[in-house]
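Numbering (our numbering), first residue to last: 8 to 138. For each residue, glycine too, the CB sits at the ideal point set by N, CA and C. Note that this is a predicted model, so its numbers are computed, not measured. Have a look at the structure below, then the notes.
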Amino acid sequence: MIFLDANFLIYLNLGAHESLKNYYLKLLTSESLFIDPLVIDEVVYISKKKYGVKYCDSISFLDELVLPYVTLLPITSKEYEKAKEIILKYSLKPSDAFHIAVMINNSISTILSEDREFDRVNEIKRIWLSQ
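So this is what it looks like as structure tokens:
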């Protein structure tokens, strides 16, 4: 079980290198993959703001290549309560704390992310492409 951080999906959305696409295909056949609504928000917003990708293109990418294969987990008041603890314990951005709360509350221990901030969190393990 692996939680996909937005940065991985943003690279895919940008038409990433073939090796990244192959890695995603490998994950799809070997792992259960998860995201939360904040990942969707980050993919659409950052793709537009930082890389100029049209909203409609990011939405099509998510609808066609991500959401049919990845489980979208909800954010509820349980995640808010856990996220508060994580923010205070690790001084993380709220969105990162919500990702971790979703992971913990759904027994997911691994996140695929290039964000090294997750390395400070004892409850999870961060992996990236070079690992």
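According to the DSSP assignment, Lys132 belongs to no alpha helix (DSSP H) but to the beta strand (DSSP E) extending over Lys132 to Ile134. In the three-state reduction of the DSSP assignment, Thr36 falls in the helix class.
Under the three-state reduction of DSSP, Ile42 is assigned to strand.
A Cβ-Cβ contact shorter than 8 Å links Leu40 with Tyr76. Burial is judged here by how many other beta carbons sit within 10 angstroms of a residue's own beta carbon; Glu71 has fewer than 16 and is exposed.
For Ile94, the enclosing alpha helix (DSSP H) covers residues Ser84 to Tyr97.
As DSSP reads the structure, Phe10 sits in a beta bridge with Phe41 and Ile118. By the Cβ neighbour-count rule, Asp48 is exposed, with fewer than 16 other Cβ atoms within 10 Å of its own.
Beta-bridge pairing by DSSP links Leu79 to Ile42. Here the alpha carbons of Phe105 and Phe125 stand approximately 12 Å from one another.
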